[in-house]
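Novice: Residue numbers (my numbering), protein chains in the order written: chain B, 39 to 481; chain D, 15 to 127. For glycine and all other residues, C-beta sits at the position ideal for the given N, C-alpha and C.
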């Protein structure tokens with residue numbers, strides 16, 4: 039059911055109700071697909087993010103009536119952009135006398151452009167993304183602005199996803215927008231020399247969105263699918279805009295391969311299943327294949343960063359026929375490389391799990407104890423959880439029970455708590471059967 | 015162009031007479047670096063050590079800086095720069111960032127009538 043020509047009539051013979059439905063669907067579709075494009079282009083004309091946002095919202099409202107009446111245009115994004123730009127310019131003309139002379143959204147000067155020999159692609163969406171993820175904004179503000187401005191998610195929905203009240207989230211977004219205009223955070227893609235650092239901030243925001251959705255730090259549902267979908271589509275958008283950046287490829291690879299296991303991470307009752315217990319036949323093979331291909335491409339560039347390395351590790355888990363036959367040696371090798379480019383104690387903790395599979399739980403326990411002495415992971419729920427699991431595998435049930443209790447004290451996610459409580463009960467029972475003996479042969 | 019106040023923080027008491035020769039040399043080079051990066055210093059001042067400061071809160075007068083901290087304001091300058099990215103690049107080169115730090119704060123411009 040397509041429109042005739044440019045702005046042509048769509049299915050004039052159909053009753054009004056149906057035309058309305060078509061328009062509604064087209065508007066919803068354009069909101070999901072084209073929001074960033076429309077807002078980014080409008081922001082350049084408006085010179086102010088607030089005005090741009092308002093104009094784009096008005097354009098979407100206008101689209102509903104116009105498209106019901108005239109049919110859905112062939113290029114909805116272009117229609118919306120033209121309409122939003124018009125509205126912004128009208129508002130600027132009306133308010134010119136009231137506005138400060140200074141443009142609120144800073145665009146690079148012509149001379150600025152000449153300074154850099156290899157300027158990145160001047161796609162407006164990229165400018166928008168880099169402005170939202172500017173390091174001068176607080177991390178939580180970067181995330182909120184990206185969802186609000188790049189994805190068009192309502193402030194209320196962002197607040198729900200991050201478990202804060204709507205006024206709190208609204209204040210966060212407003213403060214960030216005000217800083218962009220008051221401090222003149224420029225609306226541009228960073229120069230080549232700054233790109234690695236600035237791109238890392240963008241990737242961090244997308245990854246954080248994903249992990250927040252993937253394992254909600256608290257609340258009843260383990261997965262908040264909407265955030266996961268947003269992160270995936272942002273990651274795809276970024277790859278389309280920056281096809282030559284291996285880490286952009288690496289991030290999408292990581293998200294795809296991790297997400298391929300989404301439906302198998304909990305059972306029918308919402309209980310958490312560990313990797314060993316998951317139904318491998320239900321994993322999304324197409325997503326795994328796409329992720330692996332992207333990871334391989336990223337490795338071919340020879341500029342391997344932390345996202346490509348994590349994607350490669352996740353791929354090895356995903357292609358193994360079973361937990362036991364996973365290529366743990368190669369995983370450990372990749373973790374060694376990852377630890378070099380990203381010396382984080384969380385990486386060291388994950389590496390310890392690989393150590394336990396290659397050299398045994400005893401060797402891994404040494405690594406855990408080193409991490410405990412290090413202190414940076416104090417309060418991190420997975421540290422006692424991994425320790426508990428290693429002790430369980432060594433048959434040291436009473437020590438395992440203590441570690442499970444420590445992990446339970448720190449876990450807030452209901453699915454994780456249920457899992458830990460069950461393991462604790464097992465450990466207590468086995469500990470009692472051992473009647474005080476700390477060591478028994480592993481089952 | 016926008017104007018930013020750059021506040022220089024140094025370990026208390028931030029006595030300008032204690033500045034080392036190599037720090038001085040970095041300071042000497044700074045204005046040229048500012049211009050090379052596309053900025054301009056409009057005006058700037060160094061302050062006497064924080065031990066010479068007097069704070070007033072309400073009607074209570076006390077000896078010392080307003081906020082007791084390990085680092086104190088050692089001076090400030092007004093920078094003109096096209097945008098925050100340029101201002102931050104310039105601020106990062108300030109020698110104070112070695113053992114203290116700087117704060118970049120846009121100057122308030124009253125909205126036009």
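Beta strand (DSSP E) containing residue 344(B): first to last residue?
Specialist: Element bounds for residue 344(B): not the beta strand (DSSP E) but the alpha helix (DSSP H), 344 to 357.
Novice: List, in chain order, every chain C residue whose beta-carbon is nearer than 8 Å to that of residue 46(D).
Specialist: The displayed structure is made up of protein chains B and D, and chain C is not among them.
Novice: Cβ of residue 167(B) less than 7 Å from any chain D Cβ?
Specialist: Residue 167(B) does not count as touching chain D.
Novice: Is residue 121(D) buried or exposed, if buried means 16 or more other CB atoms sit within 10 Å of its CB?
Specialist: So residue 121(D) counts as exposed.
Novice: Please determine if the region 111 to 120 of chain B and the region 204 to 219 of chain B are in contact, where contact requires at least 3 C-beta pairs separated by less than 8 Å.
Specialist: These segments do not touch.
Novice: Rounded to whole angstroms, what is the Cα-Cα separation between residue 127(B) and residue 98(D)?
Specialist: Between residue 127(B) and residue 98(D), the C-alpha separation is close to 26 Å.
Novice: Report the rounded CA-to-CA distance for residue 303(B) versus residue 462(B), giving the unit in angstroms.
Specialist: Roughly 20 Å between the two C-alpha positions.
Novice: Report, in whole angstroms, the separation of the C-beta atoms of residue 77(B) and residue 215(B), which I expect to be a contact under 8 Å.
Specialist: Not confirmed; about 13 Å, so no contact.
Novice: Three or more C-beta pairs closer than 8 Å, one from the region 374 to 387 of chain B and one from the region 311 to 329 of chain B: is that the case here?
Specialist: Counting Cβ pairs under 8 Å, fewer than three are found: no touch.
Novice: At 3 residues or longer, and completely inside the region 381 to 431 of chain B: list those beta strand (DSSP E) runs for me, N to C.
Specialist: None, since the region 381 to 431 of chain B contains no complete beta strand (DSSP E) of that length.
Novice: Measuring CA to CA, which of 457(B), 245(B), 451(B) is closest to residue 272(B)?
Specialist: Among 457(B), 245(B), 451(B), the Cα nearest to that of residue 272(B) is on 245(B).
Novice: At which residue ranges does the region 21 to 93 of chain D contain complete alpha helix (DSSP H) runs of 4 or more residues, listed in the order of the chain?
Specialist: Whole alpha helix (DSSP H) segments, 4+ residues: 35 to 50.
Novice: For residue 265(B), does the count of other Cβ atoms within 10 angstroms reach 16, so buried, or fall short, so exposed?
Specialist: Answer is buried; the Cβ neighbour count reaches 16.
Novice: Does the CB of residue 174(B) have a neighbour CB from chain D at under 7 Å?
Specialist: Chain D contact via Cβ: present.
Novice: With which residues is residue 17(D) paired in a DSSP beta bridge?
Specialist: In DSSP, residue 17(D) forms a bridge with 94(D).
Novice: So which residues on chain B does residue 67(D) lean against when the C-beta distance must stay under 9 Å?
Specialist: Those do not exist, as residue 67(D) stays about 28 Å from chain B at its closest Cβ, beyond 9 Å.
Novice: Does the structure place the region 75 to 90 of chain D close enough to the region 38 to 54 of chain D that three or more beta carbon pairs sit under 8 Å?
Specialist: Contact fails: fewer than three Cβ-Cβ distances are below 8 Å.
Novice: Output the boundary residues of the beta strand (DSSP E) element that contains residue 205(B).
Specialist: First-last for residue 205(B): 204 to 220, but that is the alpha helix (DSSP H), not the beta strand (DSSP E).
Novice: Does any CB atom of chain D fall closer than 7 Å to the CB of residue 222(B)?
Specialist: Yes, residue 222(B) lies at the interface with chain D (some Cβ there is under 7 Å from its Cβ).
Novice: Out of 123(B), 241(B), 85(B), 179(B), state which residue places its alpha-carbon closest to the alpha-carbon of residue 225(B).
Specialist: Considering only alpha carbons, the answer is 85(B).
Novice: With a threshold of 7 Å between beta-carbons, can residue 98(D) be considered close to chain B, or not?
Specialist: Chain B contact via Cβ: present.
Novice: Taking the beta strand (DSSP E) that residue 115(D) falls in, what are its first and last residues?
Specialist: 115 to 120 is the extent of the beta strand (DSSP E) around residue 115(D).
Novice: Given this structure, state the Cα-to-Cα distance separating residue 95(D) from residue 22(D), to the nearest angstrom.
Specialist: Those two C-alpha atoms are separated by around 17 Å.
Novice: Using a C-beta cutoff of 7 Å, does residue 83(D) count as contacting chain B?
Specialist: It does not: the Cβ of residue 83(D) has no partner Cβ on chain B nearer than 7 Å.
Novice: Which bits of chain B does residue 102(D) rub up against, with CB to CB less than 8 Å?
Specialist: Residues of chain B passing the Cβ test: 174.
Novice: Round the Cβ separation of residue 288(B) and residue 333(B) to the nearest angstrom and send it over; I've been treating them as touching at under 8 Å.
Specialist: 7 Å between Cβ atoms; contact.
Novice: Can you look up residue 166(B) in the DSSP assignment and give me helix, strand or coil?
Specialist: DSSP places residue 166(B) in helix when its eight states are reduced to three.
Novice: Compare the beta carbon distance of residue 386(B) and residue 409(B) with 7 Å and say whether it is the shorter of the two.
Specialist: Cβ atoms of residue 386(B) and residue 409(B): closer than 7 Å.
Novice: Here's the rule: buried if 16 or more other CB atoms are within 10 angstroms of the residue's CB, otherwise exposed. What is residue 344(B)?
Specialist: So residue 344(B) ends up on the buried side.
Novice: For residue 116(D), which of 106(D), 125(D), 36(D), 124(D) has the nearest alpha-carbon?
Specialist: Residue 116(D) has its Cα closest to that of 106(D), out of 106(D), 125(D), 36(D), 124(D).
Novice: Please name the residue, chosen from 75(B), 394(B), 63(B), that lies closest to residue 101(B) on a Cα-to-Cα basis.
Specialist: Of the candidates 75(B), 394(B), 63(B), the one whose C-alpha sits nearest the C-alpha of residue 101(B) is 63(B).
Novice: From residue 350(B) to residue 301(B), what distance separates their C-alpha atoms?
Specialist: Approximately 21 Å between the Cα atoms of the pair.
Novice: With a threshold of 7 Å between beta-carbons, can residue 151(B) be considered close to chain D, or not?
Specialist: Low per-residue confidence applies at residue 151(B): pLDDT is 38, beneath 50, and the placement is therefore not dependable enough to give any value.
Novice: With C-beta atoms as the reference, is residue 248(B) less than 7 Å away from residue 220(B)?
Specialist: No, they are not a contact pair.
Novice: Jot down the residue ranges of each uninterrupted alpha helix (DSSP H) in the region 48 to 105 of chain B, minimum 4 residues, whole runs only, in chain order.
Specialist: Listed in chain order, they are 54 to 84.
Novice: In whole angstroms, what separates the C-alpha of residue 65(B) from that of residue 113(B)?
Specialist: So the two alpha carbons sit approximately 12 Å from each other.
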